[in-house]
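Line order of the protein sequences matches chains A and B. Here the first sequence is numbered in numbering that gives the first Met the number 0, starting from 0 and rising by one per residue. Here the second sequence is numbered in numbering that gives the first Met the number 0, starting from 0 and rising by one per residue.
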Amino acid sequence: MINLQKIILSAFMGLSLTACQTTYNPSETLYDRLGGDSGVTAIVSGTLDYTLKDDRIAHTFENSNVERVETLLIEQICDLTGGPCEYSGQTMERSHRGLELTSLHFNALVENMQKAMNDNDVDFSSQNDLLAILAPMHRDVVTK
Amino acid sequence: MTGGVTQVEGAGGAGLTPWATITGYGTENSYGANVFYTEAQTRNFTLRSTGAAVGIKNRLELSYAHQEFDTGDTGPVLGLRQGYKFKQDIIGAKLRITGDAVYDQDSWVPQIAVGAQYKKASDEGLLTALGAKDDDGIDIYASATKVMLDKNLIVGATLRGTKANQLGLLGFGGDANDDYQIEFEGSVAYMVSRKVVIGADYRTKPNNLSFAEEQDAKAAYIAYFPNKHVSFTAAYADLGDVALQGKQDGLYGSIQLGF
Numbered sequence: 000m001i002n003l004q005k006i007i008l009s010a011f012m013g014l015s016l017t018a019c020q021t022t023y024n025p026s027e028t029l030y031d032r033l034g035g036d037s038g039v040t041a042i043v044s045g046t047l048d049y050t051l052k053d054d055r056i057a058h059t060f061e062n063s064n065v066e067r068v069e070t071l072l073i074e075q076i077c078d079l080t081g082g083p084c085e086y087s088g089q090t091m092e093r094s095h096r097g098l099e100l101t102s103l104h105f106n107a108l109v110e111n112m113q114k115a116m117n118d119n120d121v122d123f124s125s126q127n128d129l130l131a132i133l134a135p136m137h138r139d140v141v142t143k
Numbered sequence: 000m001t002g003g004v005t006q007v008e009g010a011g012g013a014g015l016t017p018w019a020t021i022t023g024y025g026t027e028n029s030y031g032a033n034v035f036y037t038e039a040q041t042r043n044f045t046l047r048s049t050g051a052a053v054g055i056k057n058r059l060e061l062s063y064a065h066q067e068f069d070t071g072d073t074g075p076v077l078g079l080r081q082g083y084k085f086k087q088d089i090i091g092a093k094l095r096i097t098g099d100a101v102y103d104q105d106s107w108v109p110q111i112a113v114g115a116q117y118k119k120a121s122d123e124g125l126l127t128a129l130g131a132k133d134d135d136g137i138d139i140y141a142s143a144t145k146v147m148l149d150k151n152l153i154v155g156a157t158l159r160g161t162k163a164n165q166l167g168l169l170g171f172g173g174d175a176n177d178d179y180q181i182e183f184e185g186s187v188a189y190m191v192s193r194k195v196v197i198g199a200d201y202r203t204k205p206n207n208l209s210f211a212e213e214q215d216a217k218a219a220y221i222a223y224f225p226n227k228h229v230s231f232t233a234a235y236a237d238l239g240d241v242a243l244q245g246k247q248d249g250l251y252g253s254i255q256l257g258f
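Shown next, in the form of structure tokens:
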């Protein structure tokens, strides 16, 4: 019993230490940590690949120009994460108007993006940093 | 949003305290649910808890739990029979009032929920003999929970109005105090990865029975989420002194299944 307690407590401390060691060079932007232009392009491309095969949301892209969505999404993430881009698309509210999206759709896209980030070896903290930026878009995207 | 975030609250809260989130993977248009079994072994006692909860349209959570506090070999020391079990049933409801713990990352405002738990303990005669005033009672609480994605943290706080002795297992109200007390519960969790969360809970409790002083409870845990539908938690918990038998600390394990 006592030994087990020690093992669990040591596991805790080990994990906490690992956790605390994830520090970044302050001059490095999230854009850099996502892998810059090639990283963000691969993440967006992977996200859309998963999404178009995902029964939960593939149909919501039926009337979309997927190539254009991909280009704009790369540009938008680059812009929001400190990269050298300026998003030229519509507001999130405008571009999702009338699509009647639900949280189920929103969450499915997020899951696909997490898969794509895993595929591209983006560390967990950087993944959450990107999701923290995208999460508030829920209120403009989800209207139903 | 991540497996960890949703499933930690899907368990009805992180070990000792509720979250403001609604259980399961339900959204505003769907339902979520989970079942759980938890067993805690302390120096003298074993606490078992099992139950289920449903989340309705990310607005309302309804839950049921059955708890058994097994006195084991300590039963005869307390004047009870060997292996005597204190038991209680708990029916809970939680209503999300405002905010979204996960989506509202651009604001400090947490998700806020209010809840009530009706508890009914077994063996009124024994509880009365111990000094308790009632064998049933209602806890009311308000919880605030915030996921801070950019820090990989989940923080929660709960204020609870209660008369429960040892969560209600030793009845409600007592010879030393029979008024509702406001108690505090705090919870912090760190998301190590999509599959592993470590955290700690703290919970204050009333002190209503003159025969045995009651202390705060604490727990530190590690939870593992191999996929969206199952999770395992291992923890070290300290429930404080219970029934004059000294500090009751030990390990607990919990398994949850849900969707």
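All residues carry an ideal CB built from backbone N, CA and C; glycine is no exception.
Could you pull out every residue in the same chain whose Cβ sits closer than 6 Å to the Cβ of residue i, ignoring the five residues on either side in sequence?
i, result
"ALA156/B", "ALA143 and GLY185"
"GLN214/B", "GLY239 and ASP240"
"LEU46/B", "ALA39 and PHE68"
"TYR49/A", "ASN111 and LYS114"
"VAL146/B", "VAL4, ALA100, VAL101 and ILE153"
"LEU47/A", "GLU69"
"ALA57/A", "LEU51"
"ILE89/B", "ALA64, GLN116 and LYS118"
"GLY45/A", "ALA115 and ASP118"
From what residue to what residue does the alpha helix (DSSP H) around residue i run?
i, result
"GLN126/A", "123 to 133"
"GLN110/B", "Careful: GLN110/B lies outside any alpha helix (DSSP H), inside the beta strand (DSSP E) at 110 to 120."
"VAL140/A", "137 to 140"
"ALA211/B", "Neither: ALA211/B is in no alpha helix (DSSP H) and is coded neither H nor E."
Does the beta carbon of residue i come closer than 8 Å to any beta carbon on chain A?
i, result
"THR26/B", "yes"
"SER29/B", "yes"
"SER192/B", "yes"
Counting only beta-carbon separations shorter than 8 Å, does residue i have a partner in chain B?
i, result
"PRO135/A", "yes"
"ASP128/A", "yes"
"ARG138/A", "yes"
"LEU100/A", "no"
"LEU103/A", "yes"
"ALA107/A", "no"
"ALA18/A", "With a pLDDT of 48 at ALA18/A, under the threshold of 50, the modelled position of this residue cannot be trusted, and the question is left open."
"LEU3/A", "Caution is warranted here: a pLDDT of 48 is assigned to LEU3/A, below 50, making its placement in the model unreliable, and no coordinate value can be reported."
"ALA131/A", "yes"
Grab the span of the beta strand (DSSP E) containing residue i for me, first residue to last.
i, result
"ASN33/B", "30 to 41"
"ASN62/A", "Careful: ASN62/A lies outside any beta strand (DSSP E) and carries neither H nor E."
"LEU98/A", "From DSSP, LEU98/A is part of no beta strand (DSSP E); its letter is neither H nor E."
"HIS65/B", "59 to 69"
"ALA199/B", "195 to 202"
"ALA188/B", "180 to 190"
"SER253/B", "246 to 257"
"ASN91/B", "It is Gly, not Asn, that sits at residue 91/B in the sequence shown. Where GLY91/B is concerned, the enclosing beta strand (DSSP E) stretches over 84 to 97."
Buried or exposed: residue i, going by 16 or more other Cβ atoms within 10 Å of its Cβ?
i, result
"LEU3/A", "Because the pLDDT at LEU3/A is just 48, under 50, the model does not fix this residue reliably, and the value given afterwards should be weighed accordingly. Flag for LEU3/A reads exposed."
"ARG67/A", "exposed"
"TYR63/B", "exposed"
"GLN75/A", "buried"
"PRO25/A", "exposed"
"SER48/B", "buried"
"GLU60/B", "buried"
"THR90/A", "exposed"
"PHE183/B", "exposed"
"THR161/B", "buried"
"THR37/B", "buried"
"LEU129/B", "buried"
Closer than 7 Å by C-beta to residue i: which residues in its own chain qualify, once you throw out the five before and the five after it? Chain order, please.
i, result
"GLN165/B", "GLU213 and VAL241"
"PHE105/A", "HIS137, VAL140 and VAL141"
"GLY249/B", "ALA39, GLN40, THR41, ARG42 and ALA236"
"LEU33/A", "VAL39, ILE42, THR80, VAL121, SER125 and LEU129"
"LEU103/A", "ARG55"
"LEU133/A", "none"
Exercise. Could you name the residues of the segment 72 to 102 of chain B whose beta carbon sits closer than 8 Å to any beta carbon of chain A, in the order they occur along the chain?
Key: Within the segment 72 to 102 of chain B, contact with chain A at the beta-carbon level (separation under 8 Å) is assigned to ASP99, VAL101 and TYR102.
Self-check item: chain A contacts made by the segment 138 to 151 of chain B, where a contact means CB separation under 7 Å
Solution: Listed by position along the chain: LEU148, ASP149 and ASN151.
Practice problem: Closer than 7 Å, Cβ to Cβ, to anything on chain A: give me those residues from the segment 104 to 115 of chain B, in chain order. | Solution: Residues of the segment 104 to 115 of chain B with a C-beta less than 7 Å from any C-beta of chain A: GLN104 and ASP105, listed in chain order.
Practice problem: Would you list, in chain order, the members of the segment 39 to 60 of chain A that have their beta-carbon closer than 9 Å to a beta-carbon of chain B? | Solution: For the segment 39 to 60 of chain A, which is checked against every Cβ of chain B, not one residue is closer than 9 Å.
Self-check item: Contacting positions in the segment 113 to 127 of chain A - beta carbon closer than 9 Å to chain B
Solution: Of all residues in the segment 113 to 127 of chain A, those with a C-beta nearer than 9 Å to a C-beta of chain B are GLN113, ASN117, PHE123, SER124, GLN126 and ASN127, reading in chain order.
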